[in-house]
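Notes follow once the structure below has been shown.
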Amino acid sequence: MGQPKPIPAEASLHQFKRLFSTNALDTLLHLQPITQTEPNNQAQTHDPAITNLITKFSYLFTEPTSLPPPRPTDHQIPLLHNSDPVSIRPYRYPQFQKREIELQIQQMLSQGIIRPSSSAFSSPTLEEHIVHLNTVFERLLQHQFFLKQSKCTLAQNSISYLGHIVSSKGVGPDPEKIRAMVDWPVPTNLKQLRGFLG
Numbered sequence: 001m002g003q004p005k006p007i008p009a010e011a012s013l014h015q016f017k018r019l020f021s022t023n024a025l026d027t028l029l030h031l032q033p034i035t036q037t038e039p040n041n042q043a044q045t046h047d048p049a050i051t052n053l054i055t056k057f058s059y060l061f062t063e064p065t066s067l068p069p070p071r072p073t074d075h076q077i078p079l080l081h082n083s084d085p086v087s088i089r090p091y092r093y094p095q096f097q098k099r100e101i102e103l104q105i106q107q108m109l110s111q112g113i114i115r116p117s118s119s120a121f122s123s124p125t126l127e128e129h130i131v132h133l134n135t136v137f138e139r140l141l142q143h144q145f146f147l148k149q150s151k152c153t154l155a156q157n158s159i160s161y162l163g164h165i166v167s168s169k170g171v172g173p174d175p176e177k178i179r180a181m182v183d184w185p186v187p188t189n190l191k192q193l194r195g196f197l198g
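In full-length UniProt numbering, the protein residues as written are 1 to 198.
Shown next as structure tokens:
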């Protein structure tokens with residue numbers, strides 16, 4: 001006879017959350033029959049003039065693969081004067097989503113749908129960094145501000161700032177500041193352990 005056929009049952013939101021949090025589910029699919037409520041005008045059009053017009057401008061009905069041409073006004077997000085860069089932790093996502101996100105980004109970059117950031121808070125290449133530095137130096141000269149070269153660190157991969165190391169990998173502790181904790185001798189007996197724990 002074999003095993004009885006499983007009967008599908010509805011699951012609550014709480015059950016789905018528990019299944020996702022324990023990685024018991026990898027993919028969730030929701031199937032629903034398509035019901036056509038409005039008539040499809042294109043399928044029911046029999047007038048040859050309309051059909052010829054649609055055929056002539058079929059390019060307009062394809063999915064775009066690049067950005068639109070330059071217009072008199074390009075989209076931009078104006079920043080408030082003297083605004084600080086946004087500092088928000090990125091969302092966490094699973095490894096299988098990371099691969100797909102990177103694939104989609106590369107695909108959109110190659111099609112021209114997106115382009116590298118032109119944010120005033122970022123200099124992804126040395127050439128752009130030099131242009132930004134040139135702008136800053138011109139402004140300082142214009143307003144007669146002066147710099148002390150011994151206090152300037154330019155074009156560095158990482159810098160020490162307020163007890164932290166700031167680099168392209170993020171912010172981490174300065175090894176000089178935590179040396180005492182790292183060099184602390186490992187307790188070898190109960191008395192030393194109690195002294196270490198306080």
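Built from N, CA and C at the ideal position, the CB exists for glycine as well.
Since we're looking at a predicted model, the values are computed, not measured.
Exercise. Measuring CA to CA, which of Arg139, Gln32, Gly170 is closest to Ile88?
Worked result: Gly170
Exercise. Which of helix, strand or coil does DSSP assign to Ile101?
Worked result: helix
Exercise. How is the alpha helix (DSSP H) around Val182 delimited, first residue to last?
Worked result: 179–182
Exercise. By how many angstroms is the C-alpha of Ile165 removed from the C-alpha of Asp84?
Worked result: 20 angstroms
For this session: Please say whether Gly163 and Lys151 have beta carbons closer to each other than 8 angstroms?
Result: no
Exercise. Exposed or buried, Val186, counting other C-beta atoms within 10 Å across all chains shown (16 or more means buried)?
Worked result: exposed
Exercise. What are the start and end residues of the beta strand (DSSP E) that includes Gly170?
Worked result: 170–173
Exercise. Any idea what DSSP makes of His14, helix, strand or coil?
Worked result: helix
Problem set entry | Alpha carbon of Pro4 to alpha carbon of Arg92, nearest angstrom | 40 angstroms
Exercise. Does DSSP classify His164 as helix, strand or coil?
Worked result: strand
Problem set entry | Three-state secondary structure assigned by DSSP to Ser117 | coil
Problem set entry | Start-to-end residues for the alpha helix (DSSP H) that takes in Leu67 | Element bounds for Leu67: n/a, residue is neither H nor E.
Problem set entry | Contact set for Pro39: own chain, Cβ-Cβ below 6 angstroms, skip 5 residues either direction | Because Pro39 sits at a pLDDT of 43, beneath the cut-off of 50, its placement in the model cannot be relied upon, and the following sentence gives the value as read from the coordinates. Answer for Pro39: no residue qualifies.
Exercise. Counting along the chain, where does the alpha helix (DSSP H) carrying Gly195 start and finish?
Worked result: 190–197
Exercise. Run through DSSP, which three-state label would Ile77 get?
Worked result: coil
Exercise. Between Asn134 and Ser117, what straight-line distance do the alpha-carbon atoms span, to the nearest angstrom?
Worked result: 19 angstroms
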